[in-house]
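Take a look at the structure set out below.
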Amino acid sequence: MARTLVIETATAACSVALIEDGRVVAGRHEVVGRGHAERLVPMIADLPDGGRADAILVDVGPGSFTGIRVGIAAARGLGLGWGVPVHGYSSLPLIAAAAFAADPAPDRLAVVLEGGHGEVFMQPFAADPFAATTDLASLAPAEALARLDSARAVGNGVRFLDMPGAIDTLPNAADAILLAPAFTALPPRPIYGRAPDAKPMAPK
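Residues are numbered in the numbering used here as their position in the sequence shown, beginning at 1, plus a constant of 1134.
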């Protein structure tokens, strides 16, 4: 029976999970800050059968540039070594799906993640049918707050918003069980959420 290893390193959290037949077989979740490279492989090794699976699912962002690269590199390496497919998912629908599962009352919410240079990544979602209602945007906190339009905000970027009822949370690999197949078929390439700071030099 198909077993999937899920790798989550896009934020300050580092988590892994084994999912099989619609249930979480095992999982590990830690808030490590910048220590993903040191913790990820030992966490996988601690899973049953050393995390060995028939497929690998990895968070491709947006989030921490370094964390995303660590997770994707590990997923690709294991996929090559085990001879299994590697697919990606985004931290945004993962957090949204977990929030709706925890409290199904709201019919919409916005995921707000810490970005770079004082900005936040933001994307709103509807509950039924579950889907993003606009594209991902990297915004100044004040602009993000204005765009919320009274929707509940969830994610680790909410601490930059002055909004009652916002939920400060981090993604967890085990919550990938909540995602429909359409959200788990991204290529294993980073979604950084904003343009790189370095710009190519203009020709002289």
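Note that beta-carbon positions come from the ideal geometry of N, C-alpha and C, so glycine has one too.
Helix, strand or coil at residue i according to DSSP, with G and I counted as helix
| i | result |
| --- | --- |
| residue 1150 | strand |
| residue 1200 | helix |
| residue 1241 | coil |
| residue 1173 | helix |
| residue 1325 | coil |
| residue 1210 | helix |
| residue 1187 | coil |
| residue 1193 | strand |
| residue 1215 | helix |
| residue 1285 | coil |
| residue 1304 | coil |
Own chain, CB closer than 8 Å to residue i, minus 5 neighbours either side, in chain order
| i | result |
| --- | --- |
| residue 1313 | 1223, 1227, 1228 and 1231 |
| residue 1333 | Annotation note: pLDDT 42 at residue 1333 (below 50); position unreliable, coordinate value reported separately. Contacts found: none. |
| residue 1296 | 1279 |
| residue 1330 | Reliability fails at residue 1330, whose pLDDT of 44 lies under 50, so the model's placement of it is uncertain and no value is given. |
| residue 1177 | 1148, 1149, 1150, 1162 and 1164 |
beta-carbon residue i near the ligand NAP non-hydrogen atom, thresh 7 Å
| i | result |
| --- | --- |
| residue 1140 | Absence of the ligand NAP from the depicted structure is noted, as is the absence of any ligand whatsoever, leaving it without description. |
6 Å Cβ shell around residue i - same chain, five flanking residues per side excluded
| i | result |
| --- | --- |
| residue 1267 | 1258 and 1260 |
| residue 1242 | 1260 and 1285 |
| residue 1335 | Bear in mind that a pLDDT of 46 at residue 1335, under 50, signals an unreliable position, so the model cannot answer this. |
| residue 1164 | 1148 |
| residue 1136 | 1188 |
| residue 1291 | 1246, 1247, 1248 and 1254 |
| residue 1300 | 1287 and 1292 |
Selected residue, minimal CA-CA separation from residue i, among the options
| i | options | result |
| --- | --- | --- |
| residue 1289 | 1139, 1204 and 1146 | 1146 |
| residue 1218 | 1239, 1197 and 1191 | 1191 |
| residue 1272 | 1248, 1263, 1262 and 1292 | 1248 |
| residue 1204 | 1216, 1173, 1215 and 1234 | 1173 |
| residue 1344 | 1176, 1202 and 1270 | Residue 1344 lies beyond the residue range present for the chain, which begins at 1135 and ends at 1338; the question has no answer from this structure. |
| residue 1269 | 1309, 1208 and 1256 | 1256 |
| residue 1415 | 1209, 1200, 1282 and 1240 | For residue 1415 there is no data in the structure shown, the boundaries of the chain being 1135 and 1338. |
Buried or exposed by the 16-neighbour rule on C-beta atoms within 10 Å, applied to residue i
| i | result |
| --- | --- |
| residue 1197 | buried |
| residue 1211 | exposed |
| residue 1157 | exposed |
| residue 1139 | buried |
| residue 1170 | buried |
| residue 1215 | exposed |
| residue 1244 | buried |
| residue 1213 | buried |
Same chain, Cβ closer than 7 Å to residue i, five either side skipped, listed in chain order
| i | result |
| --- | --- |
| residue 1321 | 1222 |
| residue 1183 | none |
| residue 1305 | 1142, 1144, 1145, 1147, 1193, 1225, 1228 and 1229 |
Short CB-CB distance (under 8 Å) between residue i and chain D
| i | result |
| --- | --- |
| residue 1278 | Structure shown: chain D not included; a single protein chain is present. |
Contained beta strand (DSSP E) runs [length at least 3] in the stretch 1244-1282, N- to C-terminal order: Taking 3 residues as the shortest admissible run, the stretch 1244-1282 contains the following complete beta strand (DSSP E) segments, listed from N- to C-terminal end: 1254-1260 and 1271-1273.
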